[in-house]
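Inspection log for the structure reproduced underneath, given as structure tokens.
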Amino acid sequence: MTSLTSKFNKFAITLMFSAVLASGCSSSDNSNTESLPDGTSTETEGASGNDTTGTIDDATVGTTDGTVDNTPNTEGVELEVRDKYHDDNISEAFEALNYISGYYESILPKERPYNEESDFYQAPTEELGYVGITQAIRIDIDASGTGSYSDTYERQELANVHVENQVATRTNTGNSIKWSGTDEWSDDSAGLTTNTTFTIESSLLDTGYRQQTAVIESQSRGYGGYDGTMNLSYTLDGAVIDSSSKCEAISGTLNYSHTASSGTTTIAKAAEDQFWKVTNTENGLILDEYLVRTLGADLYCDFGDF
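Numbered by mature numbering (1 follows the signal peptide of the UniProt record, and there is no 0), the letters in the sequence shown go through residues -22 to -1, 1 to 284 in order.
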């Protein structure tokens, strides 16, 4: 039976996830670029790490056979090459989304069918600081691995009421596992709310390779200038990392936008490309583009059905 304490371990992650979703599209790239005698450049990040960068003629990027990559850039334009994608707004939201996918999957036992009804109540006594907790978990998975999950959680304090409602369905299509659901999060005293809908589908490509497609929409209120709707979607192919539940993203496309900004970020890499291309646009105009060697985030891909 699933431990009820899993909700408390998840609570801190949910706080991080909600804060990230409300962070908007503001840039957090604190880097310094220094020119070298050979025309390339190095970049030193702030507290987030040390990434080296260079420049490369865009006409030589995108294929392994020497042909020109058909990108929106003018031939001959040099693009900066960075070691890792490190915009906190998108990277952390991307990682949080995959944590949610992993959270749902990891709490399910491998046995099929599986059914659970768990209830927990903690009275708001003086010994517990007048904190009352009510939680109900319902899991119903059939022999094929298809079913439903719900978790309602309420934490009552003297000056605040925190509520989380999670409802999700799991579908085994035979070659893929799809999670679709909603996550409602609120803190009454601070006036914070985050309502998220998501669909995450993971499929088997070949031995050692998976594909994951995800769509998330999150509406946040109470965060001031960062209120609004965030949209994150991607289709990524990943290679299974040995002895782990993760896959390294090796190709695909990711799109990110937030109503707090008119900008959109697209990160894309074809299977034959050497680098990921990051493109920031606003009102249809390209603001900047650069290349990265790695996406800097892994996919959860430990599904027992394949």
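Just so it is clear, CB atoms sit at the ideal spot from N, CA and C, and this is done for glycine as well.
A quick note: this is a predicted structure, and the numbers were derived from the prediction, not measured.
Apart from the five residues just before and just after residue i, which ones in its own chain have a Cβ nearer than 6 Å to its Cβ?
i    : result
F284 : L182
Y234 : I68, L210 and T243
A246 : T231 and K255
E135 : V109
T191 : E179 and T213
T174 : D161 and S196
D97  : A114
Just confirm the distance between the C-beta atoms of residue i and residue j, as a whole number of angstroms; I'd bet it's less than 8 Å.
i    : j    : result
F176 : I155 : Not quite, the Cβ-Cβ distance comes to about 14 Å (not below 8 Å), so this is no contact.
E94  : I115 : 6 Å
S229 : D220 : Between D220 and S229 the Cβ distance is about 19 Å, and since that is not below 8 Å, they are no contact.
V270 : R60  : 5 Å
D184 : C225 : Not quite, the Cβ-Cβ distance comes to about 12 Å (not below 8 Å), so this is no contact.
G274 : H64  : 6 Å
Helix, strand or coil for residue i? Go by DSSP, reduced to three states.
i    : result
D66  : helix
N261 : coil
D47  : For D47, the predicted model reports a pLDDT of 46, less than 50, meaning its position is unreliable; a value from the coordinates is still stated below. Here D47 sits in coil by DSSP.
E73  : helix
I78  : helix
S84  : helix
G241 : strand
G202 : helix
F94  : The sequence given here places Glu at residue 94; Phe does not occur at that position. Of the three classes helix, strand and coil, the one that applies to E94 here is strand, per DSSP.
I176 : Checking the displayed sequence, the identity of residue 176 turns out to be Phe instead of Ile. In this structure, F176 counts as strand in the three-state DSSP scheme.
I219 : coil
G27  : Residue placement at G27 cannot be trusted, given a pLDDT of 41 that sits under 50; the coordinates are not used to answer.
E21  : The pLDDT assigned to E21 is 45, lower than 50, so where the model puts this residue is not dependable, and the model offers no usable value.
Y212 : strand
Q134 : strand
A227 : strand
A275 : coil
D61  : strand
Take residue i and list the residues in its own chain whose beta-carbon comes closer than 8 Å to its own, dropping the five residues that flank it on each side.
i    : result
L265 : G241, N258 and T259
S122 : R90 and N150
N153 : S181, L182 and F284
Take residue i as the anchor and find which of the options has the nearest alpha-carbon.
i    : options                   : result
G186 : S69, D280 and Y77         : D280
K62  : G80, A101 and K255        : K255
S198 : T191, Q252, Q190 and T207 : T207
G202 : T237, Q190 and S128       : T237
S164 : E105, N143 and R148       : N143
A146 : Q189, A227 and E83        : E83
Q189 : D220, I119 and T213       : T213
T160 : Q252, T124 and T130       : T130
R148 : R90, T103 and E104        : R90
G282 : N76, G80, G107 and D65    : G80
L57  : K88, E73, D97 and E267    : E267
F72  : L136, S196, T103 and A137 : S196
V141 : D166, H64, Y278 and K224  : D166
D120 : T103, L86 and Y108        : L86
A249 : A275, E104, D205 and A227 : A227
E162 : S128, A137 and E105       : S128
S223 : D66, H64 and N76          : N76
Y278 : W157, L106 and V139       : W157
Enumerate in chain order the residues of its own chain whose CB-to-CB distance from residue i is below 7 Å, with the five nearest sequence positions on each side excluded.
i    : result
G200 : A168, G169, L170 and T171
T112 : Y99 and E132
D118 : N93, G125 and S126
T102 : In the sequence as presented, Thr is not what sits at residue 102; that position holds Pro. Taken in chain order, the residues that qualify are Y108, V109, G110 and Q134.
Using a C-beta cutoff of 8 Å, does residue i count as contacting chain B?
i    : result
S223 : Among the chains in the structure shown there is no chain B, since it carries only a single protein chain.
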